[in-house]
Amino acid sequence: MYQIEQLGEDLFRIALQRHLEFSPEALRAPTNVYLCGPAPWALINAGHPSVHAEDLSHALSECGVRADQIDRIIATSWEIDCVGGAQNFPNAELFVLSPDMFAPGDLEMIIERRRAALRERTSELAAALEGFDAGIVHTWLERFYPRQSRALNFVPLRQGARVRAGRLELQVHPCSGITAGHMALFDEASAILFSGDVALSGLPARMDDAAGYATSIERLAALNPERALPNHGRPFERARWTLVRASRFLTNTLSSAASALFNGPTIVEFIERDRGYELHEPVELLWNFELFKVLFDELVRTRTIQAEGEGVTRRYGVDVDDPRAEVRSAGSNPSSSSPS
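Here my numbering runs 768 ahead of the position in the sequence shown, where the first position is 1.
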């Protein structure tokens, strides 16, 4: 399940369409791997180590390239669907952002932190929400975040470093606010930007710092790119305008959020009322919870809204007054909920 799109001379987008059952909507968009030539061939990202392995191998063959001809892989982050698939290319050098310039790296430690944080949040949701199926989430987490190497050999990259990928000479631009070790790659000659997990339309799939993320978008727009090639979804022409639009969307989302947080909802209530995800989609609920927690906590930090309570029972809004308010039960109506 893949599509191949030729973007230029010896530059191909391989859109890997396979995803795990129960994956959140944000991860169902095609995962892009970019093949850059001519030989020695390079990949921008390597896909998921198991979900995408077979499809990527077939796609490369269709492009006339064998796996053992891949000379290097440049991973735009330490996320499993960027760096994880590198294990399927043992002959390739791996390049990853590493500000401390330390190698080899304990990839399993990085993945386990993410895995453990999501497990903990899953347990909180299961304890608070009647009918939340934690078993589905735990099974998905084990499959999406399989065990990884504790001694990953890689070439560390820092801000401003340059690395070749076929005809392209890519400059490293770290992007804070998304995930640890995230970077974009820019080829000045062609004005092509490999934009990583920066969302070119809507909200990103992952975010750990809203203010840092907003700054990253602005810095990438300042490069004046003409084409943006993201990790997920379709490429965009008029890349600078697209990034400016993405920045405005994020700003508008944050500035208008207060009006949507009437009756001081919990994040779960907000998701079910305004986003439409329900208990029978537990992975979707978890994934959106993590994203909106970052956004709402940023609004609290900037004193745009108030918050009371802790964990999944924390309420956000301009009319919050009770930190002890309980999360709604599975059968209650979120739209009519109010602090106890």
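Think of the CB as a built atom: it goes at the ideal place given N, C-alpha and C, for glycine as much as any other residue.
These figures come from a predicted structure and were not determined experimentally.
| Asked | Found |
| --- | --- |
| Is the CB-CB distance between Arg-781 and Pro-1003 below 8 Å? | yes |
| Can you tell me which of Val-1086, Leu-811 and Ile-1035 puts its alpha carbon nearest to the alpha carbon of Gly-1079? | Ile-1035 |
| Report buried or exposed for Val-1086, applying the criterion of at least 16 other Cβ atoms within 10 angstroms of its Cβ. | exposed |
| By DSSP, does Gly-903 sit in helix, in strand, or in coil? | helix |
| Just grab the DSSP bridge partners of Gln-939 for me. | Arg-930 and Phe-954 |
| Helix, strand or coil: how does DSSP classify Ile-838 here? | strand |
| Give the straight-line distance between the Cα atoms of Pro-806 and Asn-1020, rounded to the nearest whole angstrom. | 43 Å |
| Provide the residue(s) that pair with Ile-782 in DSSP beta bridges, ordered along the chain. | Ile-772 and Val-801 |
| Counting only beta-carbon atoms, is Leu-862 nearer than 8 Å to chain B? | The chain inventory of the structure shown lacks chain B, comprising one protein chain alone. |
| Contact defined as beta carbons within less than 8 Å: I believe Cys-943 pairs with Gly-928. What is the distance between those atoms, to the nearest angstrom? | Cys-943 to Gly-928, Cβ: 14 Å. No contact. |
| Around the Cβ of Ile-879, are there at least 16 other Cβ atoms within 10 angstroms (buried) or fewer (exposed)? | buried |
| Could you tell me whether the Cβ atoms of Leu-1054 and Leu-893 are closer together than 8 Å? | yes |
| Enumerate in chain order the residues of its own chain whose CB-to-CB distance from Arg-974 is below 7 Å, with the five nearest sequence positions on each side excluded. | Ile-946, Thr-947 and Asp-965 |
| By DSSP, does Thr-890 sit in helix, in strand, or in coil? | helix |
| Determine the closest residue to Arg-1071 out of Ala-1028, Glu-1037, Ala-896 and Ser-1023, with distance taken between C-alpha atoms. | Ser-1023 |
| Mapping the DSSP letters down to three states, classify Leu-795 as helix, strand or coil. | helix |
| Excluding the 5 residues preceding and the 5 following Ser-1100 in the sequence, name in chain order all residues of the same chain whose CB lies nearer than 8 Å to its CB. | Confidence at Ser-1100 is low in this model, with a pLDDT of 43, below 50, so the placement of that residue should be treated as unreliable; the coordinate-derived value is given next. Counting only Cβ-Cβ distances below 8 Å, and skipping sequence neighbours, we find nothing. |
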